[in-house]
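Asker:
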């Protein structure tokens, strides 16, 4: 059993599942559409990791491949990003409109992925081996073209939203734990985004490692952002004596 | 009645975070631009 192609993606899936549970529990207690969508997004993340581990352990299965591509490659970033959209976009109508577009796009993507012709032999091409799942197995034209739109939407919202939140807190020098947490979330979201890009370029090993790092950083960021630091650490006041 | 002005010293994070956070945020911004470029290259058929 290869660690990088089997154990690592199962670990990613496990971390994602635990994270999804924590976020969904927060949704049950505190509501908030952003919690629900982040929880759903991390479930997608977990499905993707599980499928990768399954492929590493048991080999090719067309259903597993389709589930991996739909949830792990195509939709996860967009649904996580949509959660951030609900958090940061003040006009509820805009967030709802984006949600409708994403839902319809997701249904369309599912229809295309489950209707696509597959050839697993194509995953081993160029410098890439067939040890990792790859979208190259999709033969039907136009399916893989959908993925960058979902990923770009999700990555810009999730990474940009977290970085923007971190910047807001930093500018006011308040709630250091949320600044750090959002930085970790931004870095965690960047990791699989770059891993997916490198994988598409045929760089082996990048995807699974980046996904594991991403899951860990996202979870760590969430925990940090929701756990205040001890009071004296939150902000220091410059040592100045008030004049009288 | 004379009132002395209450001077509030500015809020600051601990020095390490004061230095590190803006650097990381700039790098994250650059990374987003790179990802947008890569995505556009994929969509336009370059990759």
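Residue numbers (the numbering used here), protein chains in the order written: chain A, 1 to 244; chain B, 1 to 47.
C-beta: ideal position from N, C-alpha, C; glycine also.
Since we're looking at a predicted model, the values are computed, not measured.
Output yes or no for whether 8 Å exceeds the beta carbon distance between residue 136 of chain A and residue 11 of chain B.
Answerer: Looking up residue 136 of chain A in the first chain gives position 136. Looking up residue 11 of chain B in the second chain gives position 11. Cβ distance not < 8 Å, so residue 136 of chain A and residue 11 of chain B don't count as in contact.
Asker: Quick check on residue 148 of chain A - is its C-beta less than 8 Å from some C-beta in chain B?
Answerer: By one-based count along the first chain, residue 148 of chain A stands at place 148. Yes, contact with chain B.
Asker: Quick check on residue 79 of chain A: buried or exposed, where buried means 16 or more other Cβ atoms within 10 Å of its Cβ?
Answerer: The residue labelled residue 79 of chain A in the question sits at position 79 within the first chain. The residue is buried, with at least 16 neighbouring Cβ atoms inside 10 Å.
Asker: Cα separation between residue 61 of chain A and residue 2 of chain A?
Answerer: Walking along the first chain from the start, residue 61 of chain A turns up at place 61. Walking along the first chain from the start, residue 2 of chain A turns up at place 2. If I take the Cα positions, the gap works out to 18 Å.
Asker: Cβ closer than 7 Å: which chain A residues qualify as neighbours of residue 32 of chain B?
Answerer: Looking up residue 32 of chain B in the second chain gives position 32. What residue 32 of chain B touches in chain A: 156, 159, 160.
Asker: Is it right to say residue 178 of chain A is buried, meaning 16 or more other beta carbons lie within 10 angstroms of its own, or is it exposed?
Answerer: As a position in the first chain, residue 178 of chain A is number 178, starting the count at 1. Flag for residue 178 of chain A reads buried.
Asker: In whole angstroms, what is the alpha-carbon distance linking residue 146 of chain A and residue 109 of chain A?
Answerer: Your numbering for residue 146 of chain A matches position 146 in the first chain. Your numbering for residue 109 of chain A matches position 109 in the first chain. Approximately 7 Å between the Cα atoms of the pair.
Asker: Under 8 Å: do the region 33 to 47 of chain A and the region 69 to 84 of chain A share three or more Cβ pairs, one atom per stretch?
Answerer: Touching, yes, given that three or more Cβ pairs across the two stretches are closer than 8 Å.
Asker: Look at the Cβ atom of residue 71 of chain A, then the Cβ atom of residue 89 of chain A, and state whether they are nearer than 8 Å.
Answerer: Here residue 71 of chain A refers to the residue found at position 71 of the first chain. Here residue 89 of chain A refers to the residue found at position 89 of the first chain. Taking 8 Å as the Cβ cut-off, residue 71 of chain A and residue 89 of chain A do not qualify as a contacting pair.
Asker: In its own chain, which residues sit with a C-beta less than 7 Å from the C-beta of residue 239 of chain A, not counting the 5 before and 5 after it?
Answerer: As a working mapping, residue 239 of chain A is identified with position 239 in the first chain. Only weak support exists for where residue 239 of chain A lies, its pLDDT of 40 falling under 50; the value from the coordinates is given anyway. Closer than 7 Å at Cβ, skipping near neighbours: no residue.
Asker: Inspect the beta-carbon positions of residue 150 of chain A and residue 77 of chain A and report whether they are closer than 8 Å.
Answerer: On the first chain, position 150 is the one that residue 150 of chain A refers to. On the first chain, position 77 is the one that residue 77 of chain A refers to. Result yes, Cβ atoms of residue 150 of chain A and residue 77 of chain A sit closer than 8 Å.
Asker: Can you say whether residue 111 of chain A is buried or exposed, counting buried as having 16 or more other CB atoms within 10 angstroms of its CB?
Answerer: One-based indexing of the first chain puts residue 111 of chain A at position 111. Flag for residue 111 of chain A reads exposed.
Asker: Alpha carbons only, please: which of A/230, A/165, A/15 is nearest the one belonging to residue 213 of chain A?
Answerer: To locate residue 213 of chain A, count along the first chain from 1; it is residue 213. It is A/15 whose Cα lies nearest to the Cα of residue 213 of chain A.
Asker: Looking at residue 28 of chain B and residue 159 of chain A, is the spacing between their C-beta atoms short of 8 Å?
Answerer: Numbered from its first residue, the first chain carries residue 159 of chain A at position 159. Numbered from its first residue, the second chain carries residue 28 of chain B at position 28. Taking 8 Å as the Cβ cut-off, residue 159 of chain A and residue 28 of chain B qualify as a contacting pair.
Asker: Within its chain, find whatever has a CB closer than 8 Å to the CB of residue 187 of chain A; leave out the 5 residues flanking it on each side and keep chain order.
Answerer: Here residue 187 of chain A refers to the residue found at position 187 when the first chain is read from its first residue. Excluding residues within five positions, the ones whose Cβ falls inside 8 Å are 217, 221.
Asker: Which partner residues of residue 118 of chain A appear in the DSSP bridge assignment?
Answerer: Counting from 1 along the first chain, the entry for residue 118 of chain A is found at position 118. A/138.
Asker: Per DSSP, what kind of secondary structure is residue 66 of chain A in: helix, strand or coil?
Answerer: Within the first chain, numbered from 1, the residue matching residue 66 of chain A stands at position 66. Reduced to three states, the DSSP call for residue 66 of chain A is helix.
Asker: Could you name the residues of chain B that residue 183 of chain A contacts, counting a contact when the two beta carbons are closer than 8 Å?
Answerer: As a first step, residue 183 of chain A is located in the first chain; it is residue number 183 there, counting from the start. What residue 183 of chain A touches in chain B: 21, 24, 25, 28.
Asker: How many angstroms separate the CA atom of residue 165 of chain A from the CA atom of residue 65 of chain A?
Answerer: The residue you call residue 165 of chain A lines up with position 165 of the first chain. The residue you call residue 65 of chain A lines up with position 65 of the first chain. Spanning the two alpha carbons is a distance of roughly 36 Å.
Asker: Report the residue from A/23, A/183, A/153, A/69 whose alpha carbon sits nearest the alpha carbon of residue 120 of chain A.
Answerer: In the first chain, counting from the first residue as 1, residue 120 of chain A sits at position 120. Closest by alpha carbon: A/69.
Asker: For residue 207 of chain A, count the other beta carbons within 10 Å of its own beta carbon; 16 or more makes it buried, fewer makes it exposed. Which is it?
Answerer: Working through the first chain from its first residue, we reach residue 207 of chain A at position 207. The residue in question, residue 207 of chain A, is buried, as its Cβ has 16 or more Cβ neighbours within 10 Å.
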